[in-house]
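Scroll down for the structure; my scribbles are underneath it.
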Amino acid sequence: MVGCAAAPFYNRNLVTTRAQYGPKLHYELDKVVEETLQGNAPYCMAFITILFATGIGMPLNHYFFHGSFRILHSVGWAAIGLKLTAIFWMMWIMGQIFFGLNPRLRVLFAGFAPGKAPDAEAEKEFFGKRARRKALCETCLKLAIVVLVSSAFISFNPQ
Numbered sequence: 003m004v005g006c007a008a009a010p011f012y013n014r015n016l017v018t019t020r021a022q023y024g025p026k027l028h029y030e031l032d033k034v035v036e037e038t039l040q041g042n043a044p045y046c047m048a049f050i051t052i053l054f055a056t057g058i059g060m061p062l063n064h065y066f067f068h069g070s071f072r073i074l075h076s077v078g079w080a081a082i083g084l085k086l087t088a089i090f091w092m093m094w095i096m097g098q099i100f101f102g103l104n105p106r107l108r109v110l111f112a113g114f115a116p117g118k119a120p121d122a123e124a125e126k127e128f129f130g131k132r133a134r135r136k137a138l139c140e141t142c143l144k145l146a147i148v149v150l151v152s153s154a155f156i157s158f159n160p161q
């Protein structure tokens with residue numbers, strides 16, 4: 003589960019480091035950033051699948067082995083609900099990024115060339131889309147933290 007927070011954290015670190023150079027294209031640097039961020043998409047999908055499976059799996063585990071749901075404290079059920087809500091929100095964000103922003107960023111970047119000044123409009127759109135992706139990833143990182151914290155409370159039992 004730590005991977006669900008580690009991946010957005012390291013992606014955020016990469017994006018923040020790249021932002022130091024401003025919204026001006028540095029082809030080689032931006033190529034590495036795009037390949038890294040877009041190459042991490044399968045890992046993000048794997049982590050979210052694991053999070054979903056554990057969010058559903060924890061309450062179902064007892065049911066499969068004992069034929070009934072484990073009695074949880076209301077804090078535990080609230081934690082499961084919060085975890086699953088955060089996971090579904092993360093899935094929505096990933097859909098926006100993987101199926102909306104990333105394909106457009108790939109098309110825009112394909113129009114750039116090393117050593118050649120980029121078209122001003124394309125460069126502006128490119129960095130605008132990147133800023134949107136960064137904002138969505140920031141939200142995803144916060145949601146990953148919510149998932150980690152709420153997971154700790156699923157087995158809460160004051161007795």
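Our numbering runs 2 ahead of the 1-based position in the sequence shown. Heads up, the beta-carbon is just placed ideally off N, CA and C, and yes, glycines get one too.
- Following the DSSP letters along the chain, one finds lysine 118 in no alpha helix (DSSP H), marked with neither H nor E.
- Take cysteine 46, set aside five residues on each side of it, and the residues of its chain with a beta-carbon closer than 7 Å to its own are Ala9, Met96, in chain order.
- Not a single unbroken stretch of the beta strand (DSSP E) spanning 3 or more residues falls wholly within the region 37 to 64.
- Shown here for isoleucine 99: same chain residues with a beta carbon closer than 7 Å to its own, the five before and five after excluded, namely Arg135, Leu138 in chain order.
- Taking 8 Å as the upper bound for CB-CB distance, leucine 145 and alanine 55 are not in contact here, some 17 Å apart.
- In this chain, the alpha helix (DSSP H) harbouring isoleucine 89 covers 76 to 98.
- A direct Cα-Cα distance of roughly 24 Å separates phenylalanine 101 from valine 148.
- Serine 70 has its alpha-carbon roughly 44 Å from the corresponding atom of asparagine 15.
- Take phenylalanine 158, set aside five residues on each side of it, and the residues of its chain with a beta-carbon closer than 6 Å to its own are His75, Val77, Gly78, in chain order.
- Between the alpha carbons of alanine 124 and tryptophan 94 lies a distance of about 26 Å.
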